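Under the working numbering, residues 17 to 251 are what the sequence shown spells out, in order. To start, the structure under review is shown below, and the notes come after it.
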Amino acid sequence: MTTQIFRGALFDLDDTLVDRKSAYDDIYRVLYDRHEAIHSQTPWKDALEFFWTLSPDNATSPREAFIEIQKRWPGVTGDPESHHEFYFTQMIKIMKMLPGAMDFVDWMNSTGVNWGVVTNGDEFQVEKIETTGLKNHIPFVVVSKFFGVDKPAPEVFMEGVRLLDIPDIQTEEILFVGDNPHTDIIGAHGVGMKTAWIHMGREFPDDAPYPDFIVAHVEELKVHLHRHLDRSGEI
Numbered sequence: 017m018t019t020q021i022f023r024g025a026l027f028d029l030d031d032t033l034v035d036r037k038s039a040y041d042d043i044y045r046v047l048y049d050r051h052e053a054i055h056s057q058t059p060w061k062d063a064l065e066f067f068w069t070l071s072p073d074n075a076t077s078p079r080e081a082f083i084e085i086q087k088r089w090p091g092v093t094g095d096p097e098s099h100h101e102f103y104f105t106q107m108i109k110i111m112k113m114l115p116g117a118m119d120f121v122d123w124m125n126s127t128g129v130n131w132g133v134v135t136n137g138d139e140f141q142v143e144k145i146e147t148t149g150l151k152n153h154i155p156f157v158v159v160s161k162f163f164g165v166d167k168p169a170p171e172v173f174m175e176g177v178r179l180l181d182i183p184d185i186q187t188e189e190i191l192f193v194g195d196n197p198h199t200d201i202i203g204a205h206g207v208g209m210k211t212a213w214i215h216m217g218r219e220f221p222d223d224a225p226y227p228d229f230i231v232a233h234v235e236e237l238k239v240h241l242h243r244h245l246d247r248s249g250e251i
């Protein structure tokens, strides 16, 4: 493991700083309870296991997910568009920070290290940031649908580099932190950044470049995200 101290850092949002996993469970519990076609024939544990197959790598398309839900339980009423709206409306209502993540964000802001967020998504990501109270704590956020391309496209990572606004910064001096091997780790690695993967109890897949760090929580990265102190004790 590298002992590098990084000059800048970029973070994913969902399941890196905010608790998408718990929100996802809660959303699909609401769906489960609403539809007799599901709860009358399938135990919650089995249904939840199926719902998680609709979110590989902790990413999902609610519209596509609903099509699969109706294939599994044909009696479920509704349509992909209404499920999309339901999913994100519920997500925004119940989204919370991961335990300890706001303290970490405040710590990041105290270190003098330039940082920001690069997230896939649309206006719902902005609403998550507002709901969780992050809005006034994040130096900047790049939302992929507003920028024009999603991770792992290199352009969205390089927009994050631009917004870090660090003179003469090289991408290898930046740490990218995220939970998705195929958008976060592949994309950041592709532009030369160092990477940290939030494992969430999973094994890292074989089809992505191995991350420089594997951690359970962003707090484990603190030792790599502070500036060296000079002898006077000043940053």
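Note that beta-carbon positions come from the ideal geometry of N, C-alpha and C, so glycine has one too. All values derive from a computational prediction rather than experimental measurement.
Tell me, to the nearest whole angstrom, how far the beta carbon of residue i is from that of residue j; I am working on the premise that it is less than 8 angstroms.
i: V129; j: A212; result: That belief does not hold up - the Cβ atoms of V129 and A212 are roughly 14 angstroms apart, past 8 angstroms.
i: Y44; j: F67; result: 4 angstroms
i: L64; j: A117; result: At roughly 24 angstroms, the Cβ-Cβ gap does not stay under 8 angstroms, so L64 and A117 are not in contact.
i: A204; j: F229; result: A204 to F229, Cβ: 12 angstroms. No contact.
i: H99; j: P72; result: Incorrect: roughly 18 angstroms between the Cβ atoms, too far for contact.
i: V157; j: T135; result: 7 angstroms
i: A81; j: L70; result: 4 angstroms
i: K238; j: T199; result: Contact doesn't hold; Cβ gap of about 24 angstroms is too wide.
i: I110; j: E143; result: With a Cβ gap of about 12 angstroms, I110 and E143 do not count as contacting.
i: L241; j: T127; result: 6 angstroms
Does residue i come out as helix, strand or coil in the three-state DSSP assignment?
i: I182; result: coil
i: N136; result: coil
i: M118; result: helix
i: I21; result: coil
i: G249; result: The predicted model places G249 with a pLDDT of 34, which falls under 50 and marks its position as unreliable; any figure quoted below should be read in that light. G249: coil per DSSP, three-state reduction.
i: K210; result: strand
i: F192; result: strand
i: M216; result: coil
i: D30; result: strand
i: H244; result: Here the model assigns H244 a pLDDT of 34, short of 50, so the residue's position is not dependable and the matter cannot be decided.
i: D234; result: Correcting the residue type first, residue 234 is Val in the shown sequence and not Asp. Helix at V234.
Report all residues from its chain with a CB closer than 8 angstroms to the CB of residue i; omit the five preceding and five following residues, and keep chain order.
i: L180; result: G24, L26, N130, W131, G132 and I190
i: F165; result: Residue identity differs from the one stated: residue 165 is Val in this sequence, not Phe. Taken in chain order, the residues that qualify are E171 and V172.
i: D95; result: F82
i: G249; result: Any reading at G249 must be qualified, since the residue scores a pLDDT of 34, below 50, and its modelled position is unreliable; no value is offered.
i: G208; result: Q186, T187 and E188
i: K37; result: D31, N74 and M216
Using C-beta distances below 7 angstroms, list every residue in its chain close to residue i, excluding the 5 sequence neighbours before and after it, in chain order.
i: K161; result: G137 and D138
i: N125; result: H153
i: G176; result: L26, G132, V134 and V158
i: A39; result: M107, I110 and M111
Can you tell me whether residue i is buried or exposed, with buried defined as 16 or more other CB within 10 angstroms of its CB?
i: Q141; result: buried
i: I83; result: exposed
i: Y226; result: exposed
i: E219; result: exposed
i: N196; result: buried
i: W89; result: buried
i: N74; result: buried
i: V46; result: exposed
i: M216; result: exposed
i: R247; result: The predicted position of R247 is uncertain, since its pLDDT is 29 and thus under 50; no value can be drawn from it.
i: D28; result: buried
i: A232; result: exposed
i: E146; result: exposed
i: K87; result: exposed
i: T105; result: exposed
i: D35; result: buried
i: G91; result: exposed
i: D119; result: exposed
i: D31; result: buried
Please go through the same chain and pick out, in chain order, the residues whose beta-carbon is closer than 6 angstroms to the beta-carbon of residue i, but skip the five residues on each side of it.
i: I201; result: T211, W213, A224 and P227
i: F192; result: L26, A204, M209 and T211
Looking at the C-beta of residue i, does it have a partner C-beta in chain B at a distance below 7 angstroms?
i: K112; result: Of the chains in the structure shown, none is chain B; there is only one protein chain.
Margin query: If we require 4 or more residues per run, which alpha helix (DSSP H) segments fall completely within the stretch 39-80?
Written below: 52-55 and 60-69
Checklist line | Contiguous beta strand (DSSP E) assignments of at least 3 residues, all confined to the stretch 138-180 | finding: 157-159
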